[in-house]
Structures are given as structure tokens and as C-alpha cells.
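Trainee:
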Amino acid sequence: MRKYRKFLIHSFWSLNAIAAFLLGAQFGSSPFSENFVEAPNPVNEAPSKANGLSLSLSINGTNSPQIKKNIASKTNQAEVIPRGLAGRVNGASSSVKKLSMYESPENRAPLSKEEIKSLVDLAVKSSDPIERRKAFDRILEEIKSESFTYEQAMNIRSAMHHGGANGEQWRTFDYAWGANDPASAVAEIENIPEQYRRGFTSNMLPGLASVEPKTAIGIVEAMEGEMRQQMTGRLIEGLADYDVDFATEYVMEMAENGDPNIAQHMNRLAQEVLETTGLEGGLDWVEGLEEGALQAAALRSVANEYANDQPEQAAKWAEQFIDSDQNARMFGEIVREWGDKEAASAWVDSLEPGQGQRDAISAVYGFRGSRTPEKALKEIQAMPQSADKDYALNGFISGLAGQDGEAAVAWAAEITMPGMRDAAMVRAAKQYYKQDSAATQEWFVSSGLPVESWYQISGTKPRID
Amino acid sequence: MKKSLKVHGVWLGISAIAFVIGFKFFPSSNSNSQSTAQSEISEENDGANKVAGSLSGKKEAVNNSLETKSQDALSQLSDLDIETLGQKLQSSTSPIDRRLAFSQLLEGLTAENALLIRDQIKGFDPNSAEFKEFHYAWGAIGGTEAIMFGVDTVEPDMQPALSGWASSDPQKAIAWFEALDMENDSSFDPLLKDRKMKAEDLRNHLMGGLVQGLSNTDPNLAIDYVKGIIDSGNRVGYGLMNAPISAMIQSREPLDAAQWASQLEAGPIRNQAMSRTADNYAKKDFEAAKEWAESMGSNDGVERVIDPVTRNWASKDPESALEWVSTLPEGNAQHSGTAAALSQWAGKDPTAASDYLAGMSDSPMRNAAISGFSNRLVWENPQAAMTWASSISGNEQLRNDVMARVGKSWQRKDPKGAAAWSAENPGVLPEGK
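If you're matching them up, the sequences are chains Y and F in order. The first sequence: position 207 = 207 (our numbering), numbered continuously. The second sequence: position 172 = 172 (our numbering), numbered continuously.
(1) Taking beta-carbon pairs under 8 Å, can you tell me which members of the segment 221-245 of chain F lie near chain Y?
(2) Roughly how many angstroms separate the alpha carbons of Gly238 of chain Y and Ser202 of chain Y, rounded to a whole number?
(3) Quick one: what does DSSP say Ile9 of chain Y is sitting in, helix, strand or coil?
(4) Does DSSP classify Lys117 of chain Y as helix, strand or coil?
(5) Which same chain residues end up closer than 6 Å to Gly143 of chain F when comparing Cβ atoms and leaving out the 5 residues on each side of it in sequence?
(6) In chain A, which residues lie less than 7 Å from Thr276 of chain Y when you measure between Cβ atoms?
(7) Write down the C-beta distance between Ala137 of chain F and Leu109 of chain F rounded to the nearest angstrom, noting that I regard them as a contact closer than 8 Å.
(8) For the structure I just gave you, are there three or more beta carbon pairs, one from the segment 329-346 of chain F and one from the segment 362-372 of chain F, closer than 8 Å?
(9) On the three-state DSSP scale, how would you describe Asn367 of chain F?
(10) Taking Cβ-Cβ distances shorter than 8 Å, what residues in chain F pair up with Lys430 of chain Y?
(11) Alpha carbon to alpha carbon, how far is Ser324 of chain Y from Ala318 of chain Y? Give it in angstroms, no decimals.
(12) For the candidate residues Y:Phe200, Y:Gly278, Y:Asp388, Y:Ala185, whose alpha-carbon lies nearest to that of Arg171 of chain Y?
(13) Give a yes or no on whether the minimum CB-CB distance between Gly143 of chain F and chain Y is below 8 Å.
(14) By the 7 Å beta-carbon criterion, what residues does the segment 408-426 of chain F contribute toward chain Y?
(15) Nearest CA to the CA of Gln171 of chain F: which residue from F:Leu192, F:Ser78, F:Ala140, F:Leu255?
(16) Do the segment 361-372 of chain Y and the segment 333-347 of chain Y make contact, defined as three or more Cβ pairs closer than 8 Å?
(17) Out of Y:Ser147, Y:Gln152, Y:Glu146, which has the shortest C-alpha to C-alpha gap to Leu119 of chain Y?
(18) So which residues on chain Y does Arg99 of chain F lean against when the C-beta distance must stay under 8 Å?
(19) With a 10 Å radius around its C-beta and 16 neighbouring C-beta atoms as the bar for buried, classify Asp390 of chain Y as buried or exposed.
(20) Taking Cβ-Cβ distances below 9 Å as the criterion, which residues of the segment 186-214 of chain F are in contact with chain Y?
(21) What residues from chain Y crowd round Glu133 of chain F, counting only those whose CB sits closer than 8 Å?
(22) Please go through the same chain and pick out, in chain order, the residues whose beta-carbon is closer than 7 Å to the beta-carbon of Asp97 of chain F, but skip the five residues on each side of it.
(23) Looking at chain Y, is there any beta carbon in it that lies within less than 8 Å of the beta carbon of Glu154 of chain F?
(24) If distances are taken between C-alpha atoms only, which option among F:Ser422, F:Pro415, F:Ile147, F:Ser320 comes closest to Ala176 of chain F?
(25) Is it right to say Phe21 of chain Y is buried, meaning 16 or more other beta carbons lie within 10 angstroms of its own, or is it exposed?
(26) Okay, do the segment 421-435 of chain Y and the segment 395-403 of chain Y touch, 3+ Cβ pairs below 8 Å being the bar?
(27) Can you give the beta carbon distance from Val211 of chain F to Tyr225 of chain F, rounded, assuming they're within the 8 Å contact cut?
(28) Flag Asn267 of chain Y as yes if its beta-carbon sits less than 8 Å from any beta-carbon of chain F, otherwise no.
(29) Would DSSP call Ala360 of chain F helix, strand or coil?
(30) Determine the direct distance from the alpha carbon of Phe331 of chain Y to that of Val378 of chain F, and round the result to whole angstroms.
(31) Beta carbons nearer than 7 Å to chain Y: which residues of the segment 263-280 of chain F have them?
(32) Name the chain Y residues whose beta carbon is nearer than 8 Å to that of Gly123 of chain F?
(33) Taking the beta carbon of Ala265 of chain Y as the centre, do at least 16 other beta carbons fall within 10 Å, making it buried, or is it exposed?
(34) Indicate the three-state DSSP secondary structure (helix, strand or coil) for Asn394 of chain Y in the structure shown.
(35) Among F:Leu191, F:Ser4, F:Thr327, F:Ala353, which residue has its Cα nearest to the Cα of Asn437 of chain F?
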């Protein structure tokens, strides 16, 4: 009986111990442990890999809070850690998980100056690309948070400057600032030292335009000269992020007002539309544009992208535009992007004669001029004198010039269309100049080109002596 | 009674300890342990900048714990979550939102959902950072599965996958790579037979990924590995040595990186590491780099440091740089600095540089100066550069070397001109070019 009693007591306590263990395990993943990890710690400069380790651990888990605490305290990264990238808080409730997945994480204290510095250091110096991305994205999330302040922006910029952030990081940060805190970002244009103003404005402007298009337009339209031209391109990128139709209308308006760089702006818009809406969206967009020079510029950009990806389909798609001479350059674009040059040549042969086919012929001979110049030349020489032959020569010399500038300038002179001939000679001479500047000078004297062309060829003013 | 109390007390203690053990080491995780994946990516990343060794045991404990929870990790991102993020990645007009959506996909990546996530990024340019980073992250958690997936794709995804694996589990990745027998392994047929790739090219390509991954996690291990490649006679190693050097330059302070380089074993890797880290140091903090270079005295390899420091200085002020070089101990370092200064000066103001040279009396220093000057001048005026090179005196070997080097550059710049000169001066330039 006594033994039985003893057995009962020990059994009871054994079960009790098991229950305690289970209870402990349960609490081990409770909010208590998260709070414990999230307790703010001072952050100071830790080696980048150490930072990386702690940041990653935070993402990975609260499986072992004690370990986490130890690592966090050693690396002084605790506050950064538990929130991790995209606010992943381990062991969080499902609602928190949802929150961290789709929205900017809430319930965070703003990043301190030290934390910002640590994150930026990690984003710049970690040798692990994933860690660099995570750290920088944490900064971006901070910019998107309600509590983001001008002081934080300054701290980030300062840390990026001292840490040696790369151009892509600057572009991304400035864009995010413009898009998420437009007022302080715009004010910064005046505050920032002169030498950084242009770069900052150029980076920030598309972000601003993506949320406050009219403010951004106003800023650019108040500019003049080359600065305005450069910023217009950036503005268009941001307007397309805001709304493609809005951006398109803006560019159309610029065309109506006689903007001299309109083709360039349209090309920029097309690139941006392709980037944000993908190829299908880009095709829909360009096909919906009004026929004319603007559509032609856009078609060229879209054709380039399409042919780069799916040349056969791009070629078929392009044929619907062959009737209009102003669309001709898209055909050359497709040939240049087509990896299988034999298939490209066959396609060019099958095209209806016209400006589109000529531009494509030019592109075909551009390739042949660089790969099999002698064979290409024989083919061209066998052609009757015609516009086709001029176009073939025009392309041929572009391909040849890189390897034999002297021959290229000589063949360029055989082109019969005067405007095309001069342009081809200058193009070939640029390469010739790189290969033998003295010989190019000699050739130029007897080339018949206007003296101003020398600047285009050499980048230097002509010597009159 | 007393004995009974003792028994209860002991059991109470045991229960308390059980609670603590459960709490600390076995938390029931419906928590998002995020997968073995992430833990492997980051926690085994104990490279050059490792945290204190005391942490390693704990990291292992975390790993072990996470490994047992891979099933939980699967619930991190549902298929719907992944597709929603993929949609956001493709259709959001904000580049910031697209970027963050991609990062969320990477965070939720597991070996099990990798293919579905890959579907979301298939529209990315294979050379984009996103495409490479996805495969890197997948490699880190999926190892061979992630690498061999690339056998059937046209995109270059095997290399970043191997990088990722090497960064998370260097030894296993090395062992796998070393054991590869691609010619006799039918799983490589799509590449070797169907796409007609050469096994050696593929091996070298993958080796690049392996070394990059090792460099990210442990540059010293990467250096040892590259040394083995070079010692085996594979010249690809000379290019690969730059990965660990770059990793050190990126992740360390300039002085740390420079000191690391100077402590490497003598040889081509050390030479390259010293040159690049000193150049980086001079660009980041010129004065400190100069002091460090001076402090090296006549140490072995000091010329590798003097060259980039002088070069950086001479690009702004060649005469001051030359003055500084003249204060250095005579020998290789001084010659190297002189050549570097004249090379920069020739690019900046060839006339002034040649005037300076003309004023120098015959000496090893002048020979060094001519060497640097003509190496640069050849790109502007090859004929003059060759004339200068031929004026090196008292050291026939050096003269021949410099003339051959100038000749090679001349052949690249202007093959016809070089051939014409060579016809009149046979025996200096390599034939057949």
C-alpha cells in the first residue's frame, strides 16, 4: 500500500514535470518572448557580417528566444532584428503575419539614427546579396511608414554617403522619398548643397511624379535648358508610374507644343510602359496610339523589346505597320535584335518592298559587315544602283567600321543619297579616328565633308591652319 | 514528514527546470520559423566577418531547431500568397512596391515552394539582380536540387544557385562540385549533348559560382580554393581570385582589407589582393593609405601598394607624387611608384611628362619612369612610345620587356601600324598578329 502511494506521488510529479515542460514550450512562443526580443537595445557599429547574422536570425525565428537574445545583445541589433525585413515577426499571430506580408509593418518604433546607420552599413557592405537587399528594404519600409521624418531621411542620406552607397541605392532611396514624403523631398531641392542638387532632383522627381504629378510637372516646367530636358525624361518615367494615360497625354501635349526632343521623350515613355505593364501591356498601348511620328518612335522601342524576347512573333506583329514609311525603323530594330540572322534575312526578303524593308536590309548588312565583310561586299556590289543598295551600304559600313575604319569611310563615300552619305561617312570616321587619328585627319581634308563634321568625328574643334 | 517534503521539493524543482527547458529550448513554434532555408542562408554565413565563435554553437542549435520545423515553414507563404505577390511584382506601378514584393517572396522561399516562386519571376531578365538573387537564395536552401533545375533551362541559373549553396554550406558545395563527372552523368546531357556545351566550359562556369559563394561567406576559404585551382594549372583561377578580394573590399574597412591582403601567402593572389586593396584604400582615404604605404618600409610586396597609391595621387598632381616617391627607400617600391606616376602623367599631360623624362639622367629610376610613360603613351602615340621604350639603357631585359609590352598594346590599337613598324624592326613584336 505504501509502495502504491509512493508510485502515485511520483507518477503525479512526473506528469507535472511533463506538463511544466509543455507549458514552458507553449510560453516559449508566446508574445512574451517576442516582446522580450523586441526590447530596444542600443545599436552601434558591428561588423557587417555580424549584422547580417542577427538580421537573418530575426527573420528566421523565435524558435530559441534565448539564443536570439544572446546574439542580439552581442550584435546590438535587437531592435532591427525582430522586425526584420518586411516586418517579419516570428511567432506572430496570423494577423500580424498578414500585415507584414502585404502592408508596411505597424507597431514599430521609428528607426533610430544608430539603427539606420547599421542597416545602411549592412546594405552597402555585406558580401551577401540577399542580406544587402534585406537591409535596404528595411530602410525602404521605414520610408513608407507613417512615422517617417525628415530627420530620418537626413540620417539615411548621411549614412549612405559615408557608407558609400551605390547609384542604384541612391536612385531607389530618393524615389521612395519623393513618393512617400513629397513635401519634405521637394523642400530638399532648395536645401541640398548645389553639387548634389541635380542628382537628387533627377532621382527624386519620378517618385514625386508618381504621387503628385502636377507638382512634379510644375517643378520641371520652371526649369530651363539642358536641365529641363534631362528632368523631363525623369518626369515622364514618374508620370507613367502614376498613370500611363496621363503620361501619354502629357507627352502628346509636349509634341503639340513643338518640343524638339519629343522622339526621345516618347522612347522614354515606351520604355517605362513596357517596364510597368509588361510586353502585352506595351503592345496594347502602342497599338492604341494615334498614327504618326510619335507612334513610330514608340513602335521602335516596343519592337526592340519584343524582338529581343520573341523575334519571330515580333516580326509577324511588325508587318501590320509596314505600309507607313515613318514606321520603317522598327524593321531594322527587329533585325538587330534577332539572334538568328539567317531567319532575320529570310524575313527581310519576304517583306513588301518599301522603306521598312530598306531599313531592315540596312540592319542585315550591318551584321554581315561585322562578320563576313568580304562576302557582304560582293553581295552589295552585285546589286543594281538603287535605294536598296544605298541602305545596304549604309548598314554595311556601320558593321565594318569597328574593325576597319579606313575601308568603311571609303565605302561610305559610295552611297549616292547625299544626306545618308555624309552621315555614314561621319559615323565611319568616328571609328577610324579611334583607330588612327592622324590618318583620319589626312582623310578628312579630302573627304568633302563640311569642316564642322570634324567635331562630330573627333570631339575636338577643327584646326584651321 | 521531512523526507516526504524533500521528495516534493525535488519534484517541484524538476518541474520548474522542465518548464524552463521547454520555454527556452523547445518553444512550440507555430511561429514562422521561416524555414531551414533562411536559416541556412544567413546563419551558416559565418564568413570573414564571423561573429564571435561563442555564437556558433547557438547558431547550430537554432539550425537544428529550425530543421525540425520545416513543415511549419511551408505555411509561411501559401500558394495564393505567392501568386498575389507575383501579381504585385508584375503589375505594381511603383518600383518600390515591386521591390518589396520580390523581397517578400524571397523571405518566404522554401525548397518546397521554390518552383512556384520561380514562376513569378520568370519574366525577369536573367541578368537582373532579382533573377540571380532568387536562384542564389534557392541554392542556399535547395542545394543540388536548385542547381540541377538549371540543367533544363536556358537561363544562366545554375551558377547563382551554386553560389547560394556555397555561401550556406561551403564544404558540401565544394564536395559536390569536386565529385562532378559531367561527361559520365546523364543528368548533364541536356547541356552537354543537346546544347553542345563543353564540359570544361561548364565546369569553369560553375566554378565561378562556387568561388563567388565561398567568397561571400568565407573569403579565406575562397582564396585557398582559388589557389588550388591556379596550382592545378587552370588559368581560370587568375580571374576567379578577384571574387574573394572584392568581397573583402566590399565588406571590410579599407585598412582591414589592405592588411588582410598583406598577410596572404606570397604569390599572384597576394599581389593582386595588395594592389586592389591599396587602390581601394587610396580612393577612399588617400592620406591614410599613403601613411600605411610608408609604414610598410621595404616589406615584401610593398611595390604593390606604392603603385596604386602613387597612381591615385599622380592622377591629380604627378609632380608631388613623384616627389613623394623619391623619399621612399630605393628599390622596387620606388621604381614601381615612379612608373605609376609617369604613366598617369603621360595620360594627363604627355608633353610635360616627356620633358620631365628628358631631364632625368640614365639610371634604374629613369628606366622605370620610361616604362610607365611608354605603357600609357602607346595608346596616344605608339611610335613615340616605342622610341622611348627603346631608350631604356643598362638593362637589356627590361628594355625588351617594355618594348614587347608596348608592341602588344600597339597591335591592339592599330594592327596595321604595328605590322608596318614590325616589318622594319623584326624580332621585337610577337609574330602572327
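Note that the Cβ used here is the ideal one computed from N, Cα and C, for glycine as well.
Mentor: Quick look at the numbers:
(1) Under the 8 Å Cβ criterion, the segment 221-245 of chain F contributes no residue.
(2) If I take the Cα positions, the gap works out to 11 Å.
(3) In this structure, Ile9 of chain Y counts as helix in the three-state DSSP scheme.
(4) In the three-state reduction of the DSSP assignment, Lys117 of chain Y falls in the helix class.
(5) Closer than 6 Å at Cβ, skipping near neighbours: Trp165.
(6) The structure shown contains no chain A; its protein chains are Y and F.
(7) With 8 Å as the limit, Ala137 of chain F and Leu109 of chain F qualify as a contact, their Cβ atoms being about 5 Å apart.
(8) Judged by Cβ distances under 8 Å, the segment 329-346 of chain F makes contact with the segment 362-372 of chain F, as three or more pairs qualify.
(9) In this structure, Asn367 of chain F counts as helix in the three-state DSSP scheme.
(10) For Lys430 of chain Y, there are no C-beta contacts with chain F under 8 Å, since the nearest C-beta of that chain is about 16 Å from it.
(11) When the Cα atoms are used, Ala318 of chain Y and Ser324 of chain Y turn out to be separated by approximately 11 Å.
(12) That would be Y:Phe200, whose Cα lies nearest to the Cα of Arg171 of chain Y.
(13) Chain Y, which has no Cβ nearer than 8 Å to the Cβ of Gly143 of chain F, makes this no.
(14) For chain Y, the residues of the segment 408-426 of chain F that bring a beta carbon within less than 7 Å of one of its beta carbons are Asp414, Gly417, in chain order.
(15) Of the candidates F:Leu192, F:Ser78, F:Ala140, F:Leu255, F:Ala140 places its Cα closest to the Cα of Gln171 of chain F.
(16) With three or more CB-CB distances shorter than 8 Å, the segment 361-372 of chain Y counts as touching the segment 333-347 of chain Y.
(17) It is Y:Gln152 whose Cα lies nearest to the Cα of Leu119 of chain Y.
(18) Per Cβ cutoff of 8 Å: Asp137, Leu140, Thr172.
(19) Counting C-beta atoms within 10 angstroms of its own C-beta, Asp390 of chain Y has 16 or more neighbours from the protein chains shown and is therefore classed as buried.
(20) Listed by position along the chain: nothing, the set is empty.
(21) Near Glu133 of chain F (Cβ distances below 8 Å), the residues of chain Y are Pro129, Ile130, Arg133.
(22) Only Lys88 meet the Cβ criterion.
(23) In the sequence under discussion, the amino acid at residue 154 of chain F is Val, which differs from the Glu named in the question. False, the Cβ-Cβ gap to chain Y never drops below 8 Å.
(24) Before going on, a small fix: residue 176 of chain F reads as Trp here, not Ala. Checking every option, the nearest Cα to that of Trp176 of chain F belongs to F:Ile147.
(25) Buried.
(26) Touching, per the Cβ criterion.
(27) Here Val211 of chain F really is in contact with Tyr225 of chain F; their C-beta atoms are around 6 Å apart, less than 8 Å.
(28) With 8 Å as the cut-off, Asn267 of chain Y does not count as an interface residue toward chain F.
(29) In the sequence under discussion, the amino acid at residue 360 of chain F is Met, which differs from the Ala named in the question. Residue state for Met360 of chain F is assigned as coil, using DSSP reduced to three classes.
(30) About 42 Å.
(31) Answer in chain order: no residues at all.
(32) Neighbours of Gly123 of chain F on chain Y, chain order: Gly278.
(33) Checking the sequence, you will find His at residue 265 of chain Y rather than Ala. With 16 or more other CB atoms across the displayed protein chains lying within 10 angstroms of its CB, His265 of chain Y is buried.
(34) In the three-state reduction of the DSSP assignment, Asn394 of chain Y falls in the helix class, which pools H, G and I.
(35) Because residue 437 of chain F is not part of the residues shown, which for chain F are 1 to 433, the question remains open.
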